[in-house]
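Line order of the protein sequences matches chains A and B.
Be aware that the first sequence starts at 1, since it is given in the working numbering, and climbs by one per residue.
Be aware that the second sequence starts at 1, since it is given in the working numbering, and climbs by one per residue.
Note that CB positions come from ideal geometry on N, CA and C, so glycine has one too.
2 protein chains.
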Amino acid sequence: MQLVEDHCAKTGQDCAHGRTACADCKVRLHSICAALEQDELHALEALSHPTRYGARATLFSQDEPADSVFNVTEGMVRLYKLLPDGRRQIVGFALPGDFLGLALMDRFGVSAEAVGDVSVCRFQRKGFAAYIDTKPHLLRRLHEFAGHELSLAQDQMVLLGRRSAEERVASFLVGLRERLARIGQKSVTLALPMSRQDIADFLGLTIETVSRTMTRLARDKAILIVPDGVRLLRPEHLEAIAAR
Amino acid sequence: MQLVEDHCAKTGQDCAHGRTACADCKVRLHSICAALEQDELHALEALSHPTRYGARATLFSQDEPADSVFNVTEGMVRLYKLLPDGRRQIVGFALPGDFLGLALMDRFGVSAEAVGDVSVCRFQRKGFAAYIDTKPHLLRRLHEFAGHELSLAQDQMVLLGRRSAEERVASFLVGLRERLARIGQKSVTLALPMSRQDIADFLGLTIETVSRTMTRLARDKAILIVPDGVRLLRPEHLEAIAAR
DNA sequence: GCGCGGTTTTGACGTGCGTCAATGTCATGG
DNA sequence: CCATGACATTGACGCACGTCAAAACCGCGC
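Here's what the structure looks like:
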């Protein structure tokens, strides 16, 4: 996943580090931009509709026709499924550089909401697909990306099916840290813009269990709970719990 | 997912119905063969190494280099992940027509074992990739297939994170029935070649809970437990529980 | 038939996490 | 400054599912 670095080295821009979008590359195709030449990037950008969403805004919702594809450029998006009785499972959080609705047919099957304020590049599905058809190597890249997502989903299955509350919370923190590091934020202090309810719905727990578990980790000096986030005091310890 | 039907109508063979492979199509590309012309199918078949595995044989295992791609033609394969302490999560069961190792990079991250006896077409990853590069429409198909798998994985996350034991078992039975129906076995009597331990590890439960839950469903006359399988007596009832 | 090993079922009991409810924290706004 | 409301934490308690252990079942070989 050094792809952005590649691209940035090539263009001399720092679109990877979360500050601004490239002057020549508003679209944040972190995981695939290295496969694209400059003119291809521009072509893709020309197709995109840059859009902003406020906190809690809905990008799309399950069972609705999926006529758009999104590339997140700023902020965080929660992807979730609702059961008829209101139970919710968050199936993922999308960060800058992530694609939404890529590997989809005609329905999403998943809903997406902005966690805080969010910027995206939206594409008409049809136009996007048509462009991709002209760039086979780009399609391969997208396919690899889908494989990566599938692998994350499988890890999440293990977490939900077989791990204790403590292991879930530790994996969550460590996993988030890794993802943030990959897009240029390598701090040991993690921003957690999502609510405890979101974390609980992601980890298959309740608010209370998440809260108690974090308190316990804090008591053990593994983390420090700060406003809107967490500082990892003993990342090795968390990793040990997560890898268990 | 009527694709096999399309292909079979075209070729006049009945490769879809689980009896034999097509005379002209040993490879069972259920989900993609409709995208292929006859000569393309033959080209693909020429690349394949038909292989048989006995019960419990390992097709590949997590952390091992993934140099092959598999197309299941007969039998059932369990895909699972192991935690260091031996806990196991089955992330899926592969049926005839399914691909294994498709959307993968250099490692599988997942292990695969034959449940009973299994036949597959194995491909060298490199050769397979090279062939696919010459057929962009085939790659698109594979990509759609990956999207379908991702969607199944997300459903499984909801199941593991938010559903009761009864809901898990009912969804499992109904889901398996649907998948079997799609490959031509439309009976209300399901073969369950996998052990209770497998079912438990798939559903994030224990053997005992699976057993008790099935017994309860049987007492309620929703199912009838038969040797190595289950007959669905009131599928609507199960579907109601599963959809809940 | 009988014994044997593996799997499944059943029962009695334990516990990790869920539920319910009270309390604390913090931002917002009058 | 206090009132308000949203969210997070904490505590007391309950329950669905896990654990442990004892049958029961089911080929399979002799």
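Leaving aside the five residues that flank residue 52(B) on each side, the residues in its chain whose CB is nearer than 6 Å to its CB run, in chain order, 119. Beta-bridge partners of residue 53(A) (DSSP): 118(A).
Those residues of the stretch 152 to 177 of chain B placed with their C-beta closer than 7 Å to a C-beta in chain A are 153, 154, 156, 157, 158, 160, 161, 162, ordered along the chain. Residues of the stretch 197 to 216 of chain A with a C-beta atom less than 9 Å from some C-beta of chain B are 201, 202, 203, 204, 205, listed in chain order. Counting only Cβ-Cβ distances below 7 Å, residue 65(B) has no contacts in chain A at all, with the closest Cβ about 15 Å away.
For residue 88(B), the enclosing beta strand (DSSP E) begins and ends at 88 to 94. For residue 91(B), same chain residues with a beta-carbon under 7 Å away, outside a window of 5 residues either side, are 79, 80, 81, 110 in chain order.
For residue 169(B), the closest C-alpha among the options 44(B), 149(B), 131(B), 198(B) is that of 198(B).
Against chain A, the CB of residue 146(B) has a partner CB under 7 Å away; the residue lies at that interface. Here residue 49(B) is exposed. Its C-beta has fewer than 16 other C-beta atoms within 10 Å.
At least 7 Å separates the beta-carbon of residue 225(A) from that of residue 233(A). When DSSP states are grouped into helix, strand and coil, residue 244(B) belongs to the coil group.
Not a single C-beta of chain A is nearer than 7 Å to the C-beta of residue 55(B). Ranked by how close their Cα comes to the Cα of residue 207(B), the residues 196(B), 58(B), 239(B) have 196(B) in first place. A distance of 7 Å or more separates the beta carbons of residue 98(B) and residue 54(B). For residue 173(B), the secondary structure class from DSSP, reduced to helix, strand or coil, is helix. According to DSSP, residue pairing for residue 221(B) in a beta bridge does not occur.
Ranking 135(B), 146(B), 75(B) by CA distance to the CA of residue 113(B) puts 75(B) first. Residue 234(B): not part of any alpha helix (DSSP H); DSSP gives it neither H nor E. Just so you know, the alpha carbons of residue 186(A) and residue 175(A) end up roughly 12 Å apart. With at least 16 other beta carbons inside 10 angstroms of its own, residue 213(A) counts as buried.
Neighbours of residue 89(B) in chain A, taken as residues at a C-beta separation under 7 Å, are given in chain order as 157, 158, 161, 162.
In this structure, 77(B) is the residue among 77(B), 171(B), 139(B) with its C-alpha nearest to the C-alpha of residue 57(B). For residue 66(A) against residue 125(A), the beta-carbon gap comes to about 7 Å, under 8 Å, which counts as contact.
In the DSSP assignment, residue 124(A) forms a beta bridge with 68(A).
At a Cβ-Cβ threshold of 7 Å, residue 89(B) and residue 162(A) count as neighbours.
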